[in-house]
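Numbering (this note's numbering), first residue to last: 50 to 516.
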Ligand code: AMP
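Right, dumping it as structure tokens:
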């Protein structure tokens, strides 16, 4: 049983951080950067040690819940044939048109850094003959995605997603349980999130709806931005999630997809909503929600912060939906499927805004101070003994003066410091110093671990069960 400190938050790790700072401060591509310092690519960032506590919390929560809901982890390559995404995400989508990191590799193949991982998961499902396994096949992943998007707060060119994909089941309960899983992740993280949900039916019922939608917007063409005019022509469904003020006003009078769903799509959607209601999940119907990519069918949903009113563009912490046609588009047998992906940067940002900042690792409870190489030799071994018994120890093996080492111990706020000098090495003893009272005790070095463990008992009593 590892020892843990009573307080949940570390006292010393509080380096202020601004997630958007590296993006804003980074030189523009045109400027080419500051020649004195190595350059960070625009839209890319380092996730610093002081942020890792929050990142660990998100990663651990996702993993725990993925396991609890019997999803199996899959690690997919970051680089794929570009064709995989070009075929599946859809012409006229922002991702394919503007945001793909696409290049020719040394073997003269067109490859792309993955902009998302659902297409890769579907490819893996086909490649590994997973349709012969008991269905549904439930996979989860976590890793970086790449989109050459316009960098701004909460939007990066390399960002992390955790995704859940369920292949081989068409029942509405699958869609609903995926919504439940996403919500449970947010609940466990302490974030107040609600779901926006819509159905975009099948490709067939969408066809008739799109004809109506295009006809409606043609009559208002003059009011549309160039971007929306282009969408109207290339991918009219995308006009529904336009951020343009004028378009959003026009949308109020536009035909709504829900009225164009065929009976089967309607029934599917009603069942999803029933299950979601049954689970008391706060949701709202959003008739304009379509999601950016072509492969979606039926249910689409997004997770948004309940208290986040502004920033329409960045409020989604994640999203997903059903994509019954994807496996077939990639050459597999028709396979119903549904999934979602969460944006880790946005979740970490929401945790930061709520002041949630767990320690990256347990704070040290003991500091080891040494004087001279003989003491270092004993110290190196002693360090291992403490580590094996689960007591986190800090050291400053690189320092020589005792004063400097005690200062380091003070900074770390440890309750106990062990001091080992030449004399103690010869005598087979060690000094245990109580950092609060300054009292020192000379003890047998062989008993050091047991004695320290006993002394730490009051510190680690009533420790939180799940740090
Ligand atoms: P999408 O499937 O594109 O909606 O992405 C799912 C989630 O990933 C979004 O809800 C965001 O939280 C996150 N995400 C998407 N693009 C970016 C980006 N460029 N930077 C950071 N997070 C992103």
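Positions of the beta carbon are idealized from the N, C-alpha and C atoms, including for glycine.
Being a predicted model, the structure only gives us computed values, none of them experimental.
Of the residues the options, which one's Cα is nearest the Cα of residue i?
i           : options            : result
residue 375 : 343, 210, 349      : 343
residue 307 : 108, 250, 390, 417 : 250
residue 206 : 498, 130, 91, 440  : 91
residue 348 : 224, 278, 416      : 224
residue 453 : 419, 471, 465      : 419
residue 218 : 387, 322, 444, 228 : 387
residue 378 : 222, 340, 252      : 252
residue 389 : 290, 493, 211, 132 : 211
residue 373 : 165, 394, 220, 159 : 220
residue 367 : 399, 281, 392      : 392
residue 294 : 314, 273, 305      : 273
residue 336 : 305, 501, 407, 128 : 305
residue 503 : 260, 414, 451, 448 : 414
residue 381 : 247, 105, 180, 167 : 180
residue 302 : 289, 313, 314      : 289
residue 209 : 482, 401, 397, 331 : 397
residue 194 : 187, 129, 240, 255 : 129
residue 234 : 427, 115, 461, 488 : 115
residue 172 : 230, 266, 183, 132 : 132
residue 484 : 268, 505, 85, 312  : 505
residue 599 : 167, 198, 496      : Summary: the structure shown does not reach residue 599, with the chain confined to residues 50 through 516, and so no result is reported for it.
Does the beta-carbon of residue i, which I'm using as the reference point, lie nearer than 6 Å to any heavy atom of the ligand AMP?
i           : result
residue 344 : no
residue 196 : yes
residue 366 : yes
residue 390 : yes
residue 205 : yes
residue 395 : yes
Put residue i into one of helix, strand or coil per three-state DSSP.
i           : result
residue 72  : Note that residue 72 has pLDDT 42, beneath the 50 cutoff, so the model's placement of it is unreliable and the number below is only indicative. Three-state DSSP puts residue 72 in a helix.
residue 339 : coil
residue 507 : helix
residue 226 : helix
residue 274 : coil
residue 372 : coil
residue 362 : Low per-residue confidence applies at residue 362: pLDDT is 44, beneath 50, and the placement is therefore not dependable, though the value from the model is reported in the following sentence. Helix, per DSSP.
residue 501 : helix
residue 204 : strand
residue 169 : helix
residue 436 : helix
residue 311 : coil
residue 344 : coil
residue 470 : coil
residue 268 : coil
residue 162 : strand
residue 134 : helix
residue 419 : strand
residue 349 : strand
residue 148 : helix
residue 123 : coil
residue 79  : Note that residue 79 scores a pLDDT of 49, beneath 50, so its modelled location is shaky and nothing firm can be said.
residue 482 : strand
residue 456 : helix
residue 403 : coil
residue 493 : strand
residue 331 : coil
Let me know if residue i comes out buried or exposed under the rule of 16 or more other beta-carbons within 10 Å of its beta-carbon.
i           : result
residue 284 : buried
residue 215 : buried
residue 80  : For residue 80, the predicted structure reports a pLDDT of 48, less than 50, and the residue's modelled location is therefore unreliable. The matter cannot be settled from this model.
residue 490 : exposed
residue 97  : exposed
residue 520 : Here the chain comprises residues numbered 50 to 516, so residue 520 is not present and cannot be evaluated.
residue 200 : buried
residue 26  : Since the first and last residues shown for the chain are 50 and 516, residue 26 lies out of range.
residue 330 : buried
residue 464 : buried
residue 507 : exposed
residue 317 : buried
residue 394 : buried
residue 155 : exposed
residue 456 : exposed
residue 577 : In the structure displayed, the chain extends from 50 to 516; residue 577 sits before or after that span and is not available.
residue 137 : buried
residue 33  : This structure gives no information on residue 33, because the portion of the chain shown stretches from 50 to 516.
Should residue i be counted as a contact of the ligand NAD given a C-beta to heavy atom distance under 6 Å?
i           : result
residue 208 : The ligand content of the structure shown is limited to the ligand AMP, which means the ligand NAD is not among them.
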